[in-house]
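Letter by letter, the sequence shown follows residues 1254 to 1379 in this note's numbering.
Note that beta-carbon positions come from the ideal geometry of N, C-alpha and C, so glycine has one too.
Predicted, not measured: the structure shown is a model, and the values here were computed from it.
Data first, discussion second: the structure below is written as structure tokens.
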Amino acid sequence: MSDLQQLRDGMRRFTDDRDWARFHDPKSLILALTGEVGELAELFQWLPAGQAAELAQDDPLRTRAGEELSDVLLYLIRLADVLGVDLAVAATAKLAAAELRFPVGGRPSRGPAQDGQPPGAAPASA
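Here it is, written out as structure tokens:
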């Protein structure tokens, strides 16, 4: 059994033990997930971008980031369970598609300001 399956089963038990399944419709779970992502973002909002990773190595930010990341992960796992999505399968497929879309040695990603195209888009013909 994978770690994701164990977490999914734990979330099922936690939810069932509290009779909370009636509150776990997709919309409510998405809103809760969004709220947790907001709490994570709040921790980093005003940190200098170039120093954020370094600052997150030390407490209290390291501990708080871990707590918020865990909340995000647990809500994501619960949402996937309610929707019947196997996250490991879906993520593996997504990564494989990205490998094909962005091959090693291909054109480097660039921002839309450089040529008006999103990163990874085919170059505009002249």
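Quick one, are the C-beta atoms of residue i and residue j less than 7 Å apart?
i     : j     : result
R1317 : L1282 : no
P1301 : V1335 : no
A1306 : R1315 : no
Can you have a look at residue i and say buried or exposed, based on whether 16 or more other CB atoms are within 10 angstroms of its CB?
i     : result
R1207 : Nothing about residue 1207 can be read from this structure; the chain reaches only from 1254 to 1379.
A1349 : exposed
E1289 : buried
E1321 : buried
A1333 : buried
Between residue i and residue j, what straight-line distance do the alpha-carbon atoms span, to the nearest angstrom?
i     : j     : result
L1329 : L1296 : 20 Å
A1379 : R1360 : Only weak support exists for where A1379 lies, its pLDDT of 48 falling under 50; the value from the coordinates is given anyway. Answer to the nearest angstrom: the Cα atoms are 17 Å apart.
T1287 : G1358 : 35 Å
Q1345 : W1299 : This sequence places Thr at residue 1345; Gln is not what is there. If I take the Cα positions, the gap works out to 33 Å.
P1313 : A1285 : 24 Å
K1347 : S1323 : 22 Å
F1276 : D1269 : 11 Å
R1271 : Q1304 : 41 Å
G1235 : W1273 : A question about residue 1235 goes unanswered here, because the residues of the chain that appear run from 1254 up to 1379.
Among the options, which one has its Cα closest to the Cα of residue i?
i     : options                    : result
R1265 : L1322, D1311, L1327, S1323 : L1327
E1292 : G1319, R1275, A1306        : G1319
Shorter than 6 Å, the distance from the beta carbon of residue i to the closest heavy atom of the ligand ADP, or not?
i     : result
A1351 : Absent from the structure shown: the ligand ADP. Ligands present: none.
At least three beta-carbon pairs within less than 8 Å, the region 1334 to 1346 to the region 1256 to 1272: yes
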